[in-house]
Amino acid sequence: MNNARSFAIAAFALVLIAMSARTGWASITPQAGRELLAKSAPAIASVRVTSEMVMTIEGREDTPEEEDIELAGCVVHPSGLIVTSLTGMDSATFYQDLWSRFETVDFKFRSDIRDVKVRLDDGSEFHGEVALRDRDLDIALIRPRAPLEKPVTALDLSDPAGLEILDPVLLVGRAGRQLHWTPTAHVSAVTGVLTRPRRMYLLPGSEDWSLAPGLLGGAAFSAEGKLAGVVVIRRLQPIGKEPAESIFVILPAREIQPVLSQVLKD
0 MNNARSFAIA
10 AFALVLIAMS
20 ARTGWASITP
30 QAGRELLAKS
40 APAIASVRVT
50 SEMVMTIEGR
60 EDTPEEEDIE
70 LAGCVVHPSG
80 LIVTSLTGMD
90 SATFYQDLWS
100 RFETVDFKFR
110 SDIRDVKVRL
120 DDGSEFHGEV
130 ALRDRDLDIA
140 LIRPRAPLEK
150 PVTALDLSDP
160 AGLEILDPVL
170 LVGRAGRQLH
180 WTPTAHVSAV
190 TGVLTRPRRM
200 YLLPGSEDWS
210 LAPGLLGGAA
220 FSAEGKLAGV
230 VVIRRLQPIG
240 KEPAESIFVI
250 LPAREIQPVL
260 SQVLKD
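Numbering (numbering that gives the first Met the number 0), first residue to last: 0 to 265.
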């Protein structure tokens, strides 16, 4: 009886090990995460966007106000080309979604970008310009206004990782000025895989992100340490009178490659 029980326990343990290897459970250890963060941080920048925000109430335009936003950005080419979340750069979208909950007053928001400043991991900075906007992908590509003096460290998009539901991911970002541009990381998991209109990986809700600021616009890596994509926002169309909602997703690196090639050709 004891031998049979021991055999059953051993068999169950082997099943768990096999499942762990297949699904990646607990495969991103703290040490592995720290090593991957140290390796990838040089290619994660801080993007500071200065915009002029204009609010219109019942057709009357209010006085424009200047607003600064900081989010992470991924260096995707040694020339200093950066990819980040377009929604993250545009505070008007955030405010519009927020105020859409109030049906009694007609609010409209518009933001015009006045300046983009990129701070790299080594502390060097350069002024950038938006080279391309893609609202369907929720990405903006930012390039230096003037050529950089030397090539910078960039992420490798040539051999991206594919993810499946429940696969663990390491999200790597960078906090803003108030937190001294500290690199940040968060271990998460894919909660769903969208296949239409294009492949995207769903992430848990924003309530899980309070401990790791600066992840929007940052990079997502597989348990094997390969780049999977960039963290962006997918806006959901409102149903009936329900307000618009936004969710965090990983945009696969494969979706970014054609857009990057287009900008490099220009």
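Every residue gets a Cβ at the ideal spot worked out from N, C-alpha and C, and that includes glycine. Because the structure is a prediction, the values reported are computed rather than measured.
Assign Lys225 to one of three DSSP states: helix, strand, or coil.
Position 226 of the sequence shown, counted from the start, is the residue given in the question as residue 225. Residue state, collapsed to three classes: coil.
For Gly224 and Tyr120, the rounded distance between their alpha carbons:
On the sequence shown, residue 120 is found 121 positions in, with the first residue counted as 1. On the sequence shown, residue 224 is found 225 positions in, with the first residue counted as 1. The question names Tyr, but residue 120 is Asp in the sequence shown. Between Asp120 and Gly224, the C-alpha separation is close to 19 angstroms.
Cβ contact (3+ pairs, closer than 8 angstroms) linking the segment 48–55 and the segment 104–123:
yes
Buried or exposed by the 16-neighbour rule on C-beta atoms within 10 Å, applied to Asp158:
For this step, residue 158 is matched to residue 159 along the sequence shown. Exposed is the call here.
Of the listed residues Gly79, Leu165 and Gly87, nearest to Ile27 (C-alpha basis)
Here residue 27 corresponds to residue number 28 of the sequence shown, with the count starting at 1. Checking every option, the nearest Cα to that of Ile27 belongs to Leu165.
Would DSSP call Ser260 helix, strand or coil?
On the sequence shown, residue 260 is found 261 positions in, with the first residue counted as 1. The answer is helix: DSSP assigns Ser260 an H, G or I state.
Nearest CA to the CA of Ser78: which residue from Asp61, Ala139, Ala145 and Leu85?
The residue given as residue 78 occupies position 79 in the sequence shown. It is Ala145 whose Cα lies nearest to the Cα of Ser78.
Within 8 angstroms, do at least three Cβ pairs link the segment 221–236 to the segment 245–265?
yes
According to DSSP, is Gly87 part of a helix, a strand, or is it coil?
Stepping through the sequence shown from its first residue, residue 87 is reached at position 88. Gly87: helix per DSSP, three-state reduction.
Based on Cα-Cα distance, which residue from Ala91, His76 and Ala44 lies nearest to Glu66?
Along the sequence shown, read from residue 1 onward, the residue named residue 66 stands at position 67. Nearest option by C-alpha distance: Ala91.
Should Gly58 go down as buried or exposed, given a rule of 16 or more other Cβ atoms within 10 Å for buried?
Indexing the sequence shown from 1 puts residue 58 at position 59. By the 10 Å Cβ count, Gly58 comes out exposed.
Pick out whichever of Ser45, Thr83, Cys73 and Pro143 has its Cα sitting closest to the Cα of Gln177.
Looking up residue 177 in the sequence shown gives position 178. Closest by alpha carbon: Ser45.
Less than 8 angstroms between the CB atoms is what I'm expecting for Thr152 and Ala42, so what's the real figure, rounded?
Along the sequence shown, read from residue 1 onward, the residue named residue 152 stands at position 153. Along the sequence shown, read from residue 1 onward, the residue named residue 42 stands at position 43. Thr152 to Ala42, Cβ: 5 angstroms. Contact.
From Thr55 to Asp61, what does the alpha carbon distance come to, in whole angstroms?
Counting from 1 along the sequence shown, the entry for residue 55 is found at position 56. Counting from 1 along the sequence shown, the entry for residue 61 is found at position 62. Computed Cα separation, rounded: 6 angstroms.
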